[in-house]
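Everything below concerns the one structure shown next.
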Amino acid sequence: MILMDGYLYYPGCTLKTKASDYEQSAIAVMEALGKPLVEMDDWYCCGAVQSLTTDDLIHQIAPIRTMCCAQEQGENTLVTLCDMCYNVLKQANQRVKDQPENLDTINDFLDEDPDYLGEVEVYHLFEILRDMKKEISKKVVKPLSDLKIAPYYGCMLLRPTGIAIDDTEDPKIMEELLELIGVDVIDNPKRTECCGSYHSVNRSDIVEKRVEDLVARAVEDGAEAIALSCPLCQFNLDYYQRTTDYDIPIFYLTELIALAFGLEVGMKKHWVDPKKMLKDKKILE
Amino acid sequence: MPEEKEKKMIDIYVMGRRYKVPEGLTIMTALEYAGYKYVRGCGCRGGFCGACSTVFRNKDDYKLKMDLACQTAVEDGMFLVQLPFVPSVRTMYEVDEIEPEKDDNLLLEHYPEIARCVSCNTCTKACPQDIEVMDYVQASLRGDIDRAASLSFDCIQCGLCSIRCPADIKHYHLAQEARRIKGKYIDTHSEQLKERVKELDGCVYDERMKELVKMSKEEIKIVYDKREFKKGE
Ligand code: SF4
Ligand code: SF4
Ligand code: FES
């Protein structure tokens, strides 16, 4: 271990651009918890979608190259924030661990670069936070008891089962984190349904239907906002509400934790401005 | 004239045909020695223009290699071909009208195929300028225009990376846009440069230039050695 405190962190491209609110708030939260996220020296775009074709190894190169970068930095633990990146990195890593012949082919192809030994483990930030409940409670200075929030998981954190961060059908990890920061958690039976994902690129009608359905249920059950962590879910739920009758804020969970820690980070690139509601509720000045 | 030394002759294969050429020539001069005349695929002859991309294989090596014909020596048993042109389409944009401050995915929007990069690093291996080509594509993908521009600074637009890329990326056009944005929107603008351009526009140095052009090599050397640096130069 080179990093004595903190975690080696893989950002992914979206967190450096459209989802910088998520990156900034997560960094602030981990900093406050005394376990800073330390960005990798080198990393590569994960490819965003895990290729399921068994003989399509070329699309495993990028995630495995990133595993190599962690290995060369002397770390066996790699933390991601983006659900898409988590899903791809975790699946690719699992695949070469389960199928050493795939790893051999990739290592042969990587040529002059060091071989990946298959020893790195990929984690989603929520898994790290789940193990830091005491520390989180201690840091809460502004419990968000006046906020009714529905958690939303989407697909990438929970499917396929082999890489799920929690029970695939009945996850609790977000509910528990929200309760820790004092939120009035709204039970959300649709929390593991798909948001429409990449259909936003060429079949926005599908996403519009999904968003209408997901947000309507949350609002009917009393939610004033939704908390999540996937930048694509965030975009879909946030942007496509304009095609519905709703306009509730779609928070990254880390933005809410930061608020409870007394920090105002992120919340800049949302389509439905969350600050308006927070001001009405006197959570922000 | 120095004593004519017997040069060792080696075999090279140009587009499959064998030629005997003296050892130690560059690919470019070896082709001319073999009787070829350049109408395309040759420019500066100094490793700067990127016109002389060559693809070759060496004897006993399975790897396909690329380099600049004017900078690479022939080797015995080399199989080669020169590429007179690399087809590649550039995205049109008006550098004064783009807003990189507001749009952190500008390069991705202009060159969406960069999202297809599989990090195979083939482009980097192809580059005769030893540029970290994959890294500048990756930097572009994450909106880090400054890094993409700095990493690609030595690009001479030979196109070899783009010919090799399995994701069909047009690396050098992408990188050129990154450098243009950096020059216009990221780097601080130098006041001295503005003043100097104004001076040039006002023909302040024309007389001096005329004198220099007339000087002999020896006179120029003396002037050069005696030159003084003024403030800000
Ligand atoms: S980056 Fe590509 S175009 Fe530029 S010098 Fe290298 S190989 Fe040639
Ligand atoms: S050759 Fe193409 S796909 Fe491979 S690393 Fe370079 S840009 Fe990416
Ligand atoms: S002729 Fe210009 S780089 Fe070779």
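So the protein lines, in turn, are chains A and B.
Every position in the first sequence, counted from 1, becomes a number in the working numbering once 54 is added.
Every position in the second sequence, counted from 1, becomes a number in the working numbering once 1471 is added.
A virtual CB, placed ideally from N, CA and C, is assigned to each residue, including glycine.
For residue 1588 of chain B, I'd like the list of residues in its chain whose CB is within less than 6 Å of its CB, leaving aside the five on either flank, ordered along the chain. 1608 and 1638
Which term fits residue 212 of chain A, buried or exposed, when burial requires 16 or more other beta carbons within 10 angstroms of its beta carbon? buried
So is residue 195 of chain A buried or exposed if we call it buried at 16+ other beta carbons inside 10 Å? So residue 195 of chain A ends up on the exposed side.
With DSSP as the reference, label residue 265 of chain A as helix, strand or coil. helix
Coil, strand or helix - residue 1539 of chain B by DSSP: strand
Skipping 5 residues on each side, what residues in its chain have a beta carbon closer than 6 Å to that of residue 1479 of chain B? 1494
Determine the closest residue to residue 132 of chain A out of A:62, A:270 and A:105, with distance taken between C-alpha atoms. Its Cα nearest to that of residue 132 of chain A, the residue A:62 stands out among A:62, A:270 and A:105.
Looking only at C-alpha atoms, which of A:116, A:240 and A:96 sits nearest to residue 105 of chain A? Measuring from the Cα of residue 105 of chain A, the nearest candidate turns out to be A:116.
As assigned by DSSP and simplified to three states, the class of residue 1583 of chain B: helix
Partner residues on chain A for residue 1612 of chain B, Cβ-Cβ distance less than 8 Å: 67 and 99
Round the Cβ separation of residue 1541 of chain B and residue 1517 of chain B to the nearest angstrom and send it over; I've been treating them as touching at under 8 Å. 7 Å
Is there a C-beta anywhere in chain B that falls below 8 Å from the one on residue 336 of chain A? no
Could you pull out every unbroken beta strand (DSSP E) segment of at least 3 residues lying fully inside the stretch 162-249 of chain A, listed in chain order? 175-178 and 202-205
Would a check of beta-carbon distances place residue 1571 of chain B closer than 8 Å to chain A? no
Sequence-distant residues of the same chain with beta carbon closer than 7 Å to residue 146 of chain A, five excluded per side: 104, 114, 117 and 118
Please list the partners that residue 72 of chain A has in chain B, where partner means a Cβ-to-Cβ separation under 8 Å. 1575 and 1576
Beta-bridge partners of residue 74 of chain A, as assigned by DSSP: Residue 74 of chain A pairs with nothing; no bridge assigned.
Helix, strand or coil: which one does DSSP assign to residue 327 of chain A? In the structure shown, residue 327 of chain A sits in coil (DSSP, three-state: anything other than H, G, I, E or B).
Is residue 1554 of chain B near ligand 4 - that is, is its Cβ less than 7 Å away from at least one heavy atom of it? Ligands in the displayed structure: ligand 1, ligand 2 and ligand 3; ligand 4 is not one of them.
Can at least three beta-carbon pairs, one atom from the stretch 186-195 of chain A and one from the stretch 253-268 of chain A, be found at a separation below 8 Å? No, they do not touch.
Residues within the stretch 1587-1603 of chain B neighbouring chain A, beta-carbon criterion of under 7 Å: Flagged, chain order: 1588, 1589, 1590 and 1591.
Counting only the same chain and skipping the five closest in sequence on each side, list residues whose C-beta sits under 7 Å from that of residue 1603 of chain B. The residues are 1595 and 1622.
Measuring from the CB of residue 1640 of chain B, is there a heavy atom of ligand 1 at a distance below 7 Å? Result no, Cβ not under 7 Å from ligand 1.
Exposure label - residue 1558 of chain B; buried when at least 16 CB within 10 Å: exposed
Give a yes or no on whether the minimum CB-CB distance between residue 1609 of chain B and chain A is below 8 Å. yes
In chain B, which residues lie with their C-beta within 7 Å of the C-beta of residue 119 of chain A? 1590
What does the Cβ neighbour count give for residue 1693 of chain B, buried or exposed, with the cut at 16 atoms within 10 Å? exposed
Continuous alpha helix (DSSP H) stretch holding residue 289 of chain A: start and end: 285-293
Look up residue 1524 of chain B in the DSSP assignment and say whether it is helix, strand or coil. strand
Helix, strand or coil at residue 296 of chain A [DSSP, three-state]: helix
Taking all protein chains shown into account, do 16 or more other C-beta atoms lie within 10 angstroms of the C-beta of residue 1616 of chain B, making it buried, or fewer, making it exposed? buried
With residue 135 of chain A and residue 218 of chain A assumed to form a contact (beta carbons below 8 Å), what rounded beta-carbon distance in angstroms separates them? About 17 Å; that fails the 8 Å criterion.
On the DSSP bridge assignment, give the partners of residue 1667 of chain B in chain order. DSSP, once it has assigned bridges, lists no residue as partnering residue 1667 of chain B.
Give me the subset of the stretch 1633-1666 of chain B whose CB atoms are less than 9 Å from a CB atom of chain A, sorted by chain position. 1637
What does DSSP give as the partner residue(s) for residue 1553 of chain B in the beta ladder? B:1525
Taking just the CA atoms, how far does residue 1661 of chain B sit from residue 1697 of chain B? 27 Å
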